[in-house]
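With full-length UniProt numbering, letter number 41 in the sequence shown gets 41, and the count goes up by one each step, no holes.
C-beta atoms are modelled at their ideal positions from N, C-alpha and C, and glycine is treated no differently.
Notes follow the structure.
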Amino acid sequence: MQTGMINTAHVVSSAFAVQSRNGRPDFELAAALQKVSSQQQAKAQKTATDFEGMFLNAMFSQMTSGLKGEGPFGDTPGTGVWRSMLTEQYSKNFANAGGVGVASEVYRTLILQQAKTVRTA
């Protein structure tokens, strides 16, 4: 389910590639990226990925909260702590591997907001 995910690049000219969104070129994001520094872009990407990691961690925590029984997902005091660390690592790995599309939308929103605050000379 990646309906809003930015996924491919359309080449407009030999030196300029435009990300696509929902199968169409996202010229709004391309224009915003021209106004935002590479440091701000990197920070926005990290923030978006971290946000998706937190979102996925909440989902994974809910998925495993009702598990009872023996083994690594049993119901003992030690496995509760272990399970929380496991779900945190799962969520970070999922987010860093591309996630479920939340990070790309958060990144796009952050870049568009930052571009609006940049003053033109």
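Identify whether S104 lies in helix, strand or coil by the three-state DSSP scheme. helix
Mapping the DSSP letters down to three states, classify S20 as helix, strand or coil. strand
Along the chain, where does the alpha helix (DSSP H) that runs through S37 open and close? It is not in any alpha helix (DSSP H) - S37 carries neither H nor E in the DSSP assignment.
Can you tell me whether G99 is buried or exposed, with buried defined as 16 or more other CB within 10 angstroms of its CB? Around the Cβ of G99, a 10 Å sphere holds 16 or more other Cβ atoms; the residue is buried.
Do L56 and A95 count as a contact pair if the criterion is CB distance below 8 Å? yes
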